[in-house]
Each structure stands twice: as C-alpha cells, then as structure tokens.
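Some notes on the structure that comes next.
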Amino acid sequence: MDKKNKILYIIAGANGSGKSTLASVLLQEKQLKFLNADEIAKEIAPDNINKVPISAGKQYFKRLAEFFDADNSFAIETTLSGKNIIKIINRAKEQNYKIILVYSFLQNCTTCIERVKTRVENGGHNVPESDIVRRYYKSIVKFWSEYKNTVDEWMLFYNGYDYAPVIVSFGSNEKYDIINKEMQNKFENILKSAKDEIRINE
1 MDKKNKILYI
11 IAGANGSGKS
21 TLASVLLQEK
31 QLKFLNADEI
41 AKEIAPDNIN
51 KVPISAGKQY
61 FKRLAEFFDA
71 DNSFAIETTL
81 SGKNIIKIIN
91 RAKEQNYKII
101 LVYSFLQNCT
111 TCIERVKTRV
121 ENGGHNVPES
131 DIVRRYYKSI
141 VKFWSEYKNT
151 VDEWMLFYNG
161 YDYAPVIVSF
171 GSNEKYDIIN
181 KEMQNKFENI
191 LKSAKDEIRI
201 NE
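What follows is the structure in structure tokens.
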C-alpha cells in the first residue's frame with residue numbers, strides 16, 4: 001500500500017485531556033481500528049482494570065504488531081510521556097506510513113485530575129495525581145519540542161469546552177497555521193510554564 005493511502009493517527013495528550021473524545025470523532029469519521037491499552041484492560045478485567053497492566057500491555061503490543069502486519073491505517077492513543085511511542089513511530093516510518101499526530105490539551109493539570117476522578121466514578125481507570133501532574137507538563141513539552149517534528153503532520157486541539165474540541169493550529173514540523181490565536185497563546189503560555197516546571201524538578 002502506498003504511503004499516502006495508509007496513515008497512523010497518534011491521538012495524544014495528558015491523562016484526562018480528552019484523547020478519547022478526539023479518538024471517537026476520528027474513528028467515526030475515518031472508520032479506523034483503534035488501539036487503546038485501557039480498553040484492552042477492560043476486556044481482560046472489566047471489574048478492575050488497574051490490576052492487569054502487564055497483561056494489557058502484552059496484548060497491546062501483540063495487536064499493534066498485527067495492525068502493522070495488516071498494512072492498513074489505524075489509530076493509537078498515548079500521553080507521549082513514555083519511550084514506547086518512539087519505537088512505534090520508527091516502525092511506522094520503516095513501513096512507509098504517513099504519521100499524523102493529534103494533540104489535545106487542557107488549561108491546567110487540575111482540570112485533568114478532576115476529569116480522571118469523574119472517569120473513576122463512572123467505572124473508568126484511575127491514575128495517581130502525581131502521575132497526572134508529571135505527565136501533563138512532560139507531555140506538552142514533548143509534543144511541541146520533539147514529537148511534532150518527527151511526524152508528517154500534526155494538529156493541536158483545545159479540549160476544555162463541554163461541547164466539542166476546538167482546533168487551535170495545524171502544520172508540519174515547525175511550519176504551521178494558527179486557527180485560533182487566543183487558544184494558541186494559551187497553549188504557548190502553558191508550554192512556558194511546563195518547561196519551567198520540568199526545569200525546577202530536574
């Protein structure tokens with residue numbers, strides 16, 4: 001399959017930032033298969049998905065390999081805070097995939113924490129607050145300073161409204177167009193704070 005006809009969509013953002021909302025819109029529009037470790041954990045242990053991270057992780061990478069072997073477009077979800085995403089991007093490049101990174105952000109990590117709490121109350125998986133805070137800052141910095149420059153195209157969404165995610169900007173590497181200047185400024189202010197936070201904790 002030619003590169004222009006097969007795409008890896010990476011739906012990224014901190015925990016609680018609305019990745020699943022973006023994914024559901026994309027999946028419905030593109031009719032893509034979707035790889036999500038949390039959904040796999042639900043399949044294995046629907047009553048307590050926090051108890052099966054190792055099993056879910058193994059199944060995740062098994063299915064990932066199957067998706068790549070099928071040589072079709074698909075989507076994955078990530079916080080960008082770990083190292084596995086680098087390996088996935090490299091494999092996609094080796095197999096001539098076009099890679100599109102879709103990033104979702106919120107105005108602060110407190111909102112992410114509140115959303116995760118709401119998710120837990122509704123039967124979803126929990127994430128320790130310290131991990132949410134750490135990943136919030138790390139994810140934003142890695143998206144802008146690193147990962148957006150390793151993919152073919154990227155899109156930035158603000159997902160803090162109740163009605164729908166709002167596209168803020170899109171581009172390729174360092175060249176981009178701003179759709180919502182107010183939200184782009186908000187993101188850049190958060191980015192600066194995130195860099196300062198990471199620097200303080202190093």
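Per our numbering, residue 1 is the first one in the sequence shown, and the count goes up by one each step.
The C-beta atom is built at its ideal place from N, Cα and C for all residues, glycine as well.
Computed from a predicted model, the values in this text were never measured in an experiment.
Shown here, Glu66 sits in a helix according to DSSP, grouped into three states.
If only complete runs of 3 or more residues are kept, the stretch 94-181 shows the beta strand (DSSP E) at 98-105, 153-158, 166-172 and 175-178, in order along the chain. Bridge partners of Phe74 according to DSSP: Leu8 and Lys33. Between Tyr137 and Glu197, the CB-CB gap stays under 7 Å. The alpha-carbon separation between Asn180 and Ile7 amounts to approximately 26 Å. If the five residues before and after Arg115 are omitted, its C-beta is found closer than 7 Å to the C-beta atoms of Gly16, all from its own chain and listed in chain order.
Straight-line spacing of the CA atoms in Ile44 and Glu182 works out to 43 Å.
Nearest to Phe105 by C-alpha distance, out of Gln95, Ile88, Val133 and Glu94, is Val133. Between Leu156 and Tyr97, the beta carbon gap of about 21 Å keeps them out of contact (Cβ cut-off 8 Å).
In this structure, the alpha-carbon of Gln59 lies about 7 Å from that of Ile40.
Annotation for Phe68: Arg91, Ala92 and Gln95 place their beta carbon closer than 8 Å to its own, counting only its chain and skipping 5 residues before and after.
Its Cα nearest to that of Ala194, the residue Ile140 stands out among Glu174, Asp162 and Ile140. The DSSP-derived three-state label of Asn185 is helix. Less than 7 Å divides the Cβ of Ala14 from the Cβ of Cys112. Taking all protein chains in view, the Cβ of Arg135 is crowded by 16 or more other Cβ atoms within 10 Å, so the residue is classified as buried. In summary, Pro165 is buried, with 16 or more beta-carbon neighbours lying within 10 Å of its beta-carbon over all protein chains present. CA-CA distance, Lys62 to Ala12, rounds to 21 Å.
When the alpha-carbon of Glu146 is set against those of Lys83, Leu27, Glu77 and Asp71, the nearest one is in Lys83.
With respect to the 7 Å criterion, Ile76 and Leu101 are not classified as neighbours on the basis of their beta carbons.
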